[in-house]
Amino acid sequence: MTNPANASQPVRVRFAPSPTGFLHVGGARTALFNWLYAKKTGGTFILRIEDTDEARSTDASTDQILESMKWLGLDWDEGPFFQSQRWDIYEEHLKKLHEGGWIYPAFETAEELEAMRKAAMDAKENPIYNRAALKLSPEEVQAKIAAGESYVWRFKCPAGKITVPETLMTGGSAGNVVDSEELGDFVVTRATTGGGFGKPLYNLVCAVDDALMGITNVIRGVEHLSNAPRQMLLMQAWGYDVPSFTHLPLIMKNGKKMSKRDGDADKLFPVSVSARRDLGYLPEATVNFIALLGWSMDRENDLLTREDLIANFSLDGLSKANANFDEDKYLYINGWYIRNMPQAEIAERVKPFLEKEGLVAPERGNAWLANIIELERERCKLLSEFPEALRYFFIAPATYEEKGVKKLFEKDGVTELLDRTAAILAETHPFDAEHLEGALRAVAEEKGVGFGKVAQPIRLAVTGRMASPGLFEVLIALGKDECLARIRTAISHIQSSEGVPVA
RNA sequence: GGUCCCAUCGUCUAGCCUGGUCUAGGACGCCGCCCUCUCACGGCGGAAACAGGGGUUCGAAUCCCCUUGGGACUACCA
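Per my numbering, the first sequence starts with residue 13, numbered consecutively.
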């Protein structure tokens with residue numbers, strides 16, 4: 013086996029997305045693992061944009077990928093490099109391949125190839141190219157080119173078994189052993205005419221760049237496993253060192269590979285990083301969660317900081333089995349970060365989500381805002397849940413939870429209770445937790461009921477809900493006047509002939 | 001169809017390479033209890049897995065083979 017280039021050199025890894033859509037969580041994990049490996053080893057993380065498919069690549073996509081990487085905190089040391097700006101380099105390499113007799117033109121049309129493939133499959137054979145073009149004499153080739161026939165360049169795979177320096181998907185061997193004849197003479201350029209080379213294709217540009225950029229470890233999704241031997245053959249044809257390869261297991265969703273083709277159709281569970289961000293997932297939670305897809309730090313801990321990840325990441329700790337994208341766990345981890353973030357920090361992050369829903373109260377001030385966010389944070393697992401959770405602090409309830417209305421407002425004596433409580437509240441000075449508790453306990457005692465019997469109707473009257481943070485905190489945040497107004501509104505609803513409006 | 005990869009609780013996984021310490025550990029989810037003005041948070045406890053079959057061995061989740069299951073690739077995309 014070829015000596016991997018990473019024997020003792022400093023680590024150089026890369027993330028090489030194609031800008032044909034957004035960065036999805038699978039790509040993010042690939043980027044993260046590369047980034048982590050670089051950080052852990054003190055190596056270099058390179059970003060390369062694989063935009064050789066001019067028909068499908070867009071600048072908007074590149075922008076979105078870069079933005080998502082930044083949001084995740086995956087900063088790169090070199091790049092971004094764009095393959096579309098490196099045509100000359102690939103042309104040079106094509107020339108070398110040609111001079112070395114490694115490539116040859118093949119004239120079959122796509123339709124012919126498709127028919128051959130189908131025939132091979134029907135005959136239960138491996139559908140690889142039959143090398144018909146290789147049997148053409150130089151004169152025949154010249155004649156076809158002169159006649160303006162379209163052709164592609166194919167790489168002539170040498171016979172024999174080759175061992176790709178793969179670290180993970182080895183099938184129990186020292187590397188990934190493949191019979192190069194089963195690879196087929198793969199295509200390295202797009203179709204062209206007139207004797208030139210045509211635009212280079214993925215396997216070629218990837219091999220050139222990985223070699224030229226001095227990549228020591230190619231870490232990418234397992235869907236590229238079968239490309240590794242081809243890229244290795246190419247690198248060897250040029251006389252370059254071959255990096256070591258680590259092919260990551262797939263991230264599955266609903267039993268199949270999670271792909272950007274799945275899109276963000278599912279509004280609750282989109283696959284793009286940017287849509288997750290808009291839903292209120294945190295970058296630290298996202299990084300933590302995707303790191304756990306195919307890797308684990310130890311047998312105990314799942315809540316990992318970026319520092320934990322860097323300090324403990326290792327290619328040896330990688331799992332080979334495909335990982336299922338567990339939404340529940342993602343949500344749990346996100347909630348954990350929301351709960352454990354510094355107070356000022358969480359307030360800053362929630363603010364834009366509130367503003368987007370028009371929930372602003374400049375007259376209350378920033379301290380008040382931070383306070384109410386603090387009150388609800390343990391009930392929210394996504395930043396986008398805050399607007400609904402905090403709505404009653406900004407707007408008096410127009411409706412009341414139906415279950416609560418039945419259970420609390422339709423009970424005998426509730427108006428008296430509410431009325432009495434309002435009266436006591438009105439006399440409570442100062443309006444703080446200590447005095448509030450004294451006041452409400454006094455009402456409970458006076459009525460001969462448990463404390464909850466007093467607290468619950470008040471909560472429903474003031475928030476419209478059955479559940480909320482501690483009642484005193486809510487009342488204080490709202491202020492005495494607002495509380496009294498809401499209680500009176502509730503009473504009038506209960507007494508009105510139309511009944512209480514329910515949600 | 002061909003080639004290749006993979007296989008521990010429902011899910012993410014530890015353990016597997018270097019067989020015995022595994023009556024298989026943790027986490028999410030689920031259930032129960034506690035805390036409690038509700039919800040949530042938190043605490044405690046519970047149910048829950050080595051895909052099946054053959055070997056090798058004194059001994060296998062760990063090594064080998066087969067079966068089954070899942071997946072990827074099979075483009076003049078990346």
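Beta carbons are placed, not taken as given, at the ideal position from N, Cα and C, and that holds for glycine.
Proximal residues to residue i (C-beta, below 6 Å), its chain only, five neighbours per side dropped
i: residue 202; result: 210, 211
i: residue 434; result: 496, 499
i: residue 49; result: 25
i: residue 274; result: 283
i: residue 196; result: 140, 141
i: residue 324; result: 309
Between the CA atoms of residue j and residue i - distance to the nearest angstrom
i: residue 90; j: residue 321; result: 22 Å
i: residue 6; j: residue 259; result: This structure gives no information on residue 6, because the portion of the chain shown stretches from 13 to 515.
i: residue 95; j: residue 245; result: 20 Å
i: residue 483; j: residue 472; result: 10 Å
i: residue 386; j: residue 303; result: 28 Å
i: residue 440; j: residue 490; result: 15 Å
i: residue 297; j: residue 346; result: 5 Å
i: residue 310; j: residue 455; result: 54 Å
i: residue 335; j: residue 492; result: 53 Å
i: residue 242; j: residue 159; result: 31 Å
i: residue 343; j: residue 281; result: 11 Å
i: residue 37; j: residue 93; result: 22 Å
i: residue 250; j: residue 198; result: 17 Å
i: residue 301; j: residue 148; result: 55 Å
i: residue 100; j: residue 397; result: 51 Å
i: residue 359; j: residue 381; result: 7 Å
i: residue 39; j: residue 505; result: 54 Å
i: residue 278; j: residue 338; result: 15 Å
i: residue 47; j: residue 222; result: 16 Å
i: residue 52; j: residue 319; result: 10 Å
i: residue 425; j: residue 431; result: 10 Å
i: residue 14; j: residue 154; result: At residue 14, the pLDDT of 37 sits below 50, so the modelled position is not reliable and the matter cannot be decided from this model.
i: residue 314; j: residue 31; result: 32 Å
i: residue 71; j: residue 261; result: 29 Å
i: residue 114; j: residue 141; result: 16 Å
i: residue 391; j: residue 458; result: 33 Å
i: residue 373; j: residue 351; result: 24 Å
i: residue 131; j: residue 138; result: 10 Å
i: residue 18; j: residue 316; result: Low confidence applies here, because residue 18 scores a pLDDT of 45, under 50, leaving its location unreliable; read the following figure in that light. Cα to Cα, residue 18 sits roughly 28 Å from residue 316.
i: residue 341; j: residue 353; result: 18 Å
Beta-carbon gap between residue i and residue j smaller than 9 Å
i: residue 86; j: residue 43; result: yes
i: residue 488; j: residue 445; result: yes
i: residue 514; j: residue 417; result: yes
i: residue 486; j: residue 405; result: yes
i: residue 512; j: residue 349; result: no
i: residue 73; j: residue 112; result: no
i: residue 161; j: residue 144; result: no
i: residue 75; j: residue 69; result: no
i: residue 327; j: residue 395; result: no
i: residue 216; j: residue 106; result: yes
Supposed close pair residue i, residue j - CB separation, criterion 8 Å
i: residue 284; j: residue 35; result: 7 Å
i: residue 371; j: residue 403; result: 7 Å
i: residue 21; j: residue 179; result: That belief does not hold up - the Cβ atoms of residue 21 and residue 179 are roughly 16 Å apart, past 8 Å.
i: residue 308; j: residue 292; result: About 26 Å; that fails the 8 Å criterion.
i: residue 237; j: residue 41; result: Not really, about 16 Å apart at Cβ, beyond 8 Å.
i: residue 220; j: residue 102; result: 6 Å
i: residue 171; j: residue 185; result: With 8 Å as the limit, residue 171 and residue 185 do not qualify as a contact, their Cβ atoms being about 20 Å apart.
i: residue 27; j: residue 59; result: 6 Å
i: residue 478; j: residue 393; result: Incorrect: roughly 19 Å between the Cβ atoms, too far for contact.
i: residue 200; j: residue 166; result: 7 Å
i: residue 401; j: residue 388; result: 4 Å
Close beta carbons around residue i, own chain, < 8 Å, minus the five adjacent residues each side
i: residue 507; result: 427
i: residue 288; result: 37, 282, 298
i: residue 157; result: 117, 163, 205, 206, 207
i: residue 56; result: 22, 23, 24, 25, 50, 89, 90
i: residue 467; result: 452, 483
i: residue 239; result: 214, 215, 218
Cutoff 7 Å; reference residue i; Cβ partners in own chain excluding five residues on either side
i: residue 364; result: none
i: residue 189; result: 173, 175
i: residue 16; result: Low per-residue confidence applies at residue 16: pLDDT is 44, beneath 50, and the placement is therefore not dependable, though the value from the model is reported in the following sentence. 177, 254, 255, 256, listed in sequence order.
i: residue 181; result: 188, 234, 237, 259, 332
i: residue 502; result: 430, 473
i: residue 516; result: Past the boundaries of the shown model lies residue 516; the chain is included only from 13 to 515, so the question cannot be answered.
Where are the beta strand (DSSP E) runs, 3 residues long or more, that stay fully inside the segment 427–484, in chain order? none
If we require 4 or more residues per run, which alpha helix (DSSP H) segments fall completely within the segment 370–429? Qualifying alpha helix (DSSP H) stretches, in chain order: 378–388, 398–406.
Ignoring anything shorter than 3 residues, give me the beta strand (DSSP E) runs that lie fully in the segment 73–110, in order along the chain. 90–94
Enumerate, from N- to C-terminal direction, the unbroken beta strand (DSSP E) stretches of 3 or more residues contained entirely within the segment 130–196. 164–167, 173–176, 188–191
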